[in-house]
Structures are given as structure tokens and as C-alpha cells.
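Asker: Residue numbers (my numbering): 565 to 746. Ideal Cβ positions, reconstructed from N, Cα and C, are used throughout, including at glycine. A quick note: this is a predicted structure, and the numbers were derived from the prediction, not measured. Shown below is the structure under consideration.
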Amino acid sequence: MHRLFVAIRPPADIRARLLSLMGGVAGARWQDDDQLHITLRFVGGADTHQADDLAAALGTVRFAPFALSLSGLGQFERKGRVDTLWAGVEPRDILTQLHRKIDRACGRAGFAADDRAYLPHITLARFSRTGGGPTDTFLASHAGLSTPPFLIDKFILFESRLTQSGARYDIAVVYPADLPAI
């Protein structure tokens with residue numbers, strides 16, 4: 565069984581900027597360089613045939629290269645406790661459009677539509693069910709996070725493998741932009 569998701573990898577300098585922020589929050593499990601990405605669509609479990617169908621369907625997604633910037637930090641909460649720290653990305657509308665195209669491709673490959681709200685972000689840290697923190701100082705000290713625009717000219721189908729040291733993400737297929745830049 566393959567555990568799949570579709571994502572964008574920010575360039576190395578942007579990942580280095582994010583890595584430089586990490587630390588100083590008790591209980592945070594910080595992401596490493598290989599884990600930094602913007603999820604476009606979590607797919608979940610798939611057998612080899614389904615994974616092949618998905619890979620082919622994603623190959624039909626057309627998009628032009630576009631620019632993104634990092635913009636601020638935030639956190640997700642679950643049951644009243646901080647679950648995730650994240651970096652925001654802008655503009656969100658172009659990512660939402662690409663998310664919808666990828667979701668439709670997933671549907672053509674036999675996967676159920678993603679009915680969750682889509683909030684583009686880069687996960688920086690996760691917390692266990694027992695929580696961690698506090699996060700206020702971290703969020704306040706990095707609230708003005710921003711970067712110059714960086715080019716996005718591909719998306720990637722990843723396979724996630726759970727190991728004793730955490731999740732490892734392997735590139736399955738890279739899908740380059742194929743339309744003129746916007």
C-alpha cells in the first residue's frame with residue numbers, strides 16, 4: 565500500500581530560511597529540510613494500480629509557473645491545544661486553483677473529492693496529543709515573516725513512508741508546468 569500526497573517543494577533558500585526559525589518551543593517536533601512542502605492534496609492509501617492511475621491523471625493537470633512568497637506564521641489547534649505551527653504562503657488563490665485541478669484529477673483516478681477547507685501553508689512543527697508550547701513568543705517573534713517571491717514551476721507526487729525517526733517523503737513523479745508563465 566502506498567501513502568500518497570501531492571505537494572510543492574519550496575526552493576532551497578526558502579527552506580533554509582524556515583529551518584533557521586525552528587527552535588525554542590517545548591514539545592515541538594520540528595520538520596527537517598526533506599519534510600518542508602506545501603500540500604496541494606493529501607491522497608492517502610493506494611495500491612499500485614491506483615497509484616499508477618493517479619500518476620497518469622495528474623499528468624493531465626495543466627498550469628503555468630507562478631510566484632509565491634512566505635507570509636507570516638500561524639498555528640492549528642485541535643481540541644483546544646496547539647497541534648501544528650506553520651508558515652503562510654501568498655497568494656493563496658493560485659494555490660487554491662491548482663488544488664482544485666489536482667482534486668479533479670484525483671477524482672478521475674477514483675479517489676473521493678477532498679471536502680476539507682484548503683489553507684495553503686508549510687508545516688514547521690507538530691505536537692503530540694499531550695501538547696507543548698507555549699507558542700506565543702515564537703509566533704510573536706516571527707510574525708513578520710516574509711520573503712521575496714519565488715518561482716513555482718512544478719508539483720510533485722510524493723509517497724510518505726513512516727519510519728521510527730518520523731515520516732520520510734520520497735518523490736514518485738515530478739509534474740513540470742507546461743504553460744507560459746503568468
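Using the Cβ count rule (16 or more neighbours within 10 Å means buried), how would you classify Leu688?
Answerer: It counts as buried.
Asker: So, does the segment 607-623 touch the segment 565-572, judging by three or more C-beta pairs under 8 Å?
Answerer: Because the criterion of three Cβ pairs below 8 Å is met, the segment 607-623 and the segment 565-572 touch.
Asker: CA-CA distance, Pro655 and Leu649?
Answerer: Those two C-alpha atoms are separated by around 19 Å.
Asker: I need the boundaries of the beta strand (DSSP E) containing Thr736, first residue and last residue.
Answerer: Checking the sequence shown, residue 736 turns out to be Ala, not Thr. Per DSSP, Ala736 belongs to the beta strand (DSSP E) from Gly730 to Pro740.
Asker: Assign Thr687 to one of three DSSP states: helix, strand, or coil.
Answerer: Thr687: strand per DSSP, three-state reduction.
Asker: Here's the rule: buried if 16 or more other CB atoms are within 10 angstroms of the residue's CB, otherwise exposed. What is Leu634?
Answerer: Buried, since its Cβ has 16 or more Cβ neighbours within 10 Å.
Asker: Per DSSP, what are the beta-bridge partners of Ser635 in this structure?
Answerer: DSSP, once it has assigned bridges, lists Ser710 as partnering Ser635.
Asker: Which whole-angstrom value describes the C-beta separation of Ala506 and Ala621, a residue pair presumed to lie in contact below a C-beta threshold of 8 Å?
Answerer: There is no way to answer for residue 506, as the model of the chain reaches only from 565 to 746.
Asker: Across which residues does DSSP place Gly608 in a beta bridge pair?
Answerer: Partner(s): Leu568.
Asker: Thinking C-alpha only, which one of Gly591, Ala580, Ala651 and Leu662 is nearest Pro740?
Answerer: That would be Leu662, whose Cα lies nearest to the Cα of Pro740.
Asker: Beta-carbon within less than 7 Å of Ala651's beta-carbon, same chain only, minus the 5 sequence neighbours each way: which residues are those?
Answerer: Once the five neighbours on either side are set aside, the close Cβ partners of Ala651 are Leu582, Leu634, Leu637, His685, Ile686, Leu688 and Leu709.
Asker: Helix, strand or coil, according to DSSP, for Ala651 in the structure here?
Answerer: It is a strand residue.
Asker: Would you tell me roughly how many angstroms separate the C-alpha atoms of Asp616 and Asp700, rounded to the nearest one?
Answerer: Near 44 Å, if we compare the C-alpha coordinates of Asp700 and Asp616.
Asker: Judging by CA-CA distance, which residue of His601, Ala707, Thr660 and Phe675 is the nearest neighbour of Ile735?
Answerer: Selected option, being the one with the closest Cα: His601.
Asker: Could you give the distance in angstroms between the alpha-carbon of Ala731 and the alpha-carbon of Asp647?
Answerer: Answer to the nearest angstrom: the Cα atoms are 17 Å apart.
Asker: Helix, strand or coil for Ser724, going by three-state DSSP, please let me know.
Answerer: Looking at Ser724 - three-state DSSP - the assignment turns out to be strand.
Asker: Does Pro684 have its Cβ less than 8 Å from a Cβ in chain B?
Answerer: Absent here is chain B; the protein component of the structure consists of one chain.
Asker: Mapping the DSSP letters down to three states, classify Arg642 as helix, strand or coil.
Answerer: Three-state DSSP puts Arg642 in a strand.
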